[in-house]
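Numbers given in the working numbering equal positions in the sequence shown, counted from 1, plus 4. Cβ coordinates follow ideal geometry from the N, Cα and C atoms, glycine included. Keep in mind the model is a prediction, meaning the values are calculated, not measured. Reading through the structure tokens given below for one structure.
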Amino acid sequence: MSKSARIEFKVTDDSKAIFERAAQLMGVSLTEFGVRAMMSFAKKVTTEQNLIKLSLSQQEIFFAALENPPKANDALKKAYQTYKKTVS
């Protein structure tokens, strides 16, 4: 995949020195170190944001609904029929 997008930002001299040292220790360029670090953190953030966090009582309610689901009402039945027609 070709790289065409560019990201630039300013950091303190101390931060840059730390980043450069870390990149050197890993045996990669400063750019590669920055890309890896940002990608790792971005994946962590997006994963955490996609998680559904429930309290213990909320978990119990959720699993109770899964184990004993309510009967499908007319709106749900209609939505299912529409879905089947759209997906088929």
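Are the CB atoms of residue i and residue j nearer to each other than 8 Å?
i          : j          : result
residue 66 : residue 60 : no
residue 94 : residue 33 : Any answer about residue 94 is impossible in this case: the structure gives the chain only from 5 up to 92.
So is residue i in contact with chain D if we call contact Cβ pairs under 8 Å?
i          : result
residue 67 : Looking at the structure shown, chain D is missing, and only one protein chain is on hand.
Within 10 Å of its beta-carbon, does residue i have 16 or more other beta-carbons around it, so buried, or fewer, so exposed?
i          : result
residue 37 : buried
Does the stretch 71–86 touch the stretch 36–56, meaning 3 or more C-beta pairs lie closer than 8 Å?
No, the stretch 36–56 does not touch the stretch 71–86.
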